[in-house]
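Numbering-wise, the sequence shown is residues 3 to 210 according to this note's numbering. Using N, Cα and C, we set each Cβ at its ideal position, and we do this for glycine too.
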Amino acid sequence: MMTVGLTGGVASGKSAVSEHFTRLGVPVIDADVVAREVVEPGQDALAEIVEVFGKDVLDRNGRLDRSRMRGRIFTDPASRQRLEAILHPRIRERMREAVESASGPYAVLCIPLLVENRMQDMVSRVLVVDVPESVQRERLIRRNGGNAGEADAMIAAQASREQRLQAADDILVNTGTLDDLQHEVEMLHRRYLALAAGPENRESPARR
Numbered sequence: 003m004m005t006v007g008l009t010g011g012v013a014s015g016k017s018a019v020s021e022h023f024t025r026l027g028v029p030v031i032d033a034d035v036v037a038r039e040v041v042e043p044g045q046d047a048l049a050e051i052v053e054v055f056g057k058d059v060l061d062r063n064g065r066l067d068r069s070r071m072r073g074r075i076f077t078d079p080a081s082r083q084r085l086e087a088i089l090h091p092r093i094r095e096r097m098r099e100a101v102e103s104a105s106g107p108y109a110v111l112c113i114p115l116l117v118e119n120r121m122q123d124m125v126s127r128v129l130v131v132d133v134p135e136s137v138q139r140e141r142l143i144r145r146n147g148g149n150a151g152e153a154d155a156m157i158a159a160q161a162s163r164e165q166r167l168q169a170a171d172d173i174l175v176n177t178g179t180l181d182d183l184q185h186e187v188e189m190l191h192r193r194y195l196a197l198a199a200g201p202e203n204r205e206s207p208a209r210r
C-alpha cells in the first residue's frame with residue numbers, strides 16, 4: 003500500500019486536511035492518537051516510563067500526566083531523548099501494524115513531527131501543509147488566546163518552514179477557505195489514486 007506522510011507546522015491545518023481525506027474514504031492513521039494509545043495503563047511503554055522517570059509522572063488515576071511529563075522534558079534534552087527512545091519504536095510499530103490492516107489503494111499517516119523525528123523512511127511520499135509563519139502566529143493567538151511571544155515559541159520549537167518544504171514531495175498551501183482546502187485535498191486524492199495504481203510510481207525518487 004502506498005503511504006502518504008502528512009505533516010506541517012503548528013496551526014497549519016493538518017487536522018482539517020486529515021478530516022477531508024477521511025471523508026474521501028482514505029484510511030488516516032494519526033501519530034498523536036497512537037502516541038496516546040501506547041501509554042495507556044497496562045502498556046509496556048507506561049511501565050518503562052515510570053521505571054525511568056518515577057511514579058510522580060502519573061496522575062491520581064495511574065495515567066501519564068502529560069503536562070508534568072512535558073515540563074520534565076522541555077528544559078532537559080537528555081530526558082526528552084530517553085522518553086523518545088521509549089516511545090518512538092512503539093509508535094512506529096503500531097503505525098506499521100495499522101497500515102498493514104488498512105484497506106484501500108493508499109493510506110495517510112498524519113505525523114506532526116515527521117521531519118523533526120526523521121520518520122520519512124516510514125512513508126512513500128511526504129505531503130506538507132504549508133502556511134507562512136505570520137499565519138501560524140495569527141491562528142495560534144486566536145486559537146489559544148495567547149500572545150505573540152508564546153506563539154513564536156511554539157513555532158520555533160518545531161522544524162523550520164524551509165526544512166519541512168525541503169522534505170516535501172507534495173505541498174498544500176492552506177491560506178484560503180475551507181472550500182479551497184477541500185478542493186486541494188480532492189485533487190491530491192485523485193493524484194494519489196493514480197500513483198497507487200502504478201507500482202513503479204509508488205515512491206518518490208528521493209526515497210527509492
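Contact under 7 Å by Cβ, residue i with residue j
{"i": "Ala150", "j": "Pro29", "result": "no"}
{"i": "Leu116", "j": "Gly200", "result": "no"}
{"i": "Val125", "j": "Arg166", "result": "no"}
{"i": "Val40", "j": "Ala47", "result": "yes"}
{"i": "Arg74", "j": "Ser81", "result": "yes"}
{"i": "Val36", "j": "Arg96", "result": "yes"}
Beta-carbon contacts of residue i that lie in its chain and below 7 Å, excluding the five residues immediately before and after
{"i": "Leu142", "result": "Val12, Ala13, Gly148, Ala153 and Met156"}
{"i": "Pro207", "result": "Bear in mind that a pLDDT of 38 at Pro207, under 50, signals an unreliable position, so the number given afterwards is only what the model happens to contain. Contacts found: none."}
{"i": "His90", "result": "Asn119"}
Boundaries of the alpha helix (DSSP H) in which residue i is found, first to last residue
{"i": "Val19", "result": "Lys16 to Arg25"}
{"i": "Arg192", "result": "Leu180 to Ala199"}
{"i": "Val137", "result": "Glu135 to Asn146"}
Close beta carbons around residue i, own chain, < 8 Å, minus the five adjacent residues each side
{"i": "Thr24", "result": "Val30"}
{"i": "Lys16", "result": "Leu8, Thr9, Gly10, Cys112, Pro114 and Val131"}
{"i": "Ala18", "result": "Asn176, Leu180 and Leu183"}
Through-space distance from residue j to residue i, alpha-carbon basis
{"i": "Gly10", "j": "Arg65", "result": "29 Å"}
{"i": "Arg227", "j": "Asp61", "result": "Lying before the first or after the last residue shown, residue 227 is absent from the chain, which here runs from 3 to 210."}
Span of the beta strand (DSSP E), counted from its first residue to its last, around residue i
{"i": "Val175", "result": "Asp172 to Val175"}
{"i": "Val12", "result": "Run containing Val12: none; DSSP gives neither H nor E here."}
{"i": "Arg127", "result": "Arg127 to Asp132"}
{"i": "Ala150", "result": "Looking at the DSSP string, Ala150 is not in any beta strand (DSSP E); the run it does join, the alpha helix (DSSP H), is Ala150 to Ala158."}
{"i": "Leu111", "result": "Tyr108 to Cys112"}
Within the stretch 18 to 106, note down every full beta strand (DSSP E) run reaching 3 residues or more, in order along the chain.
30 to 32
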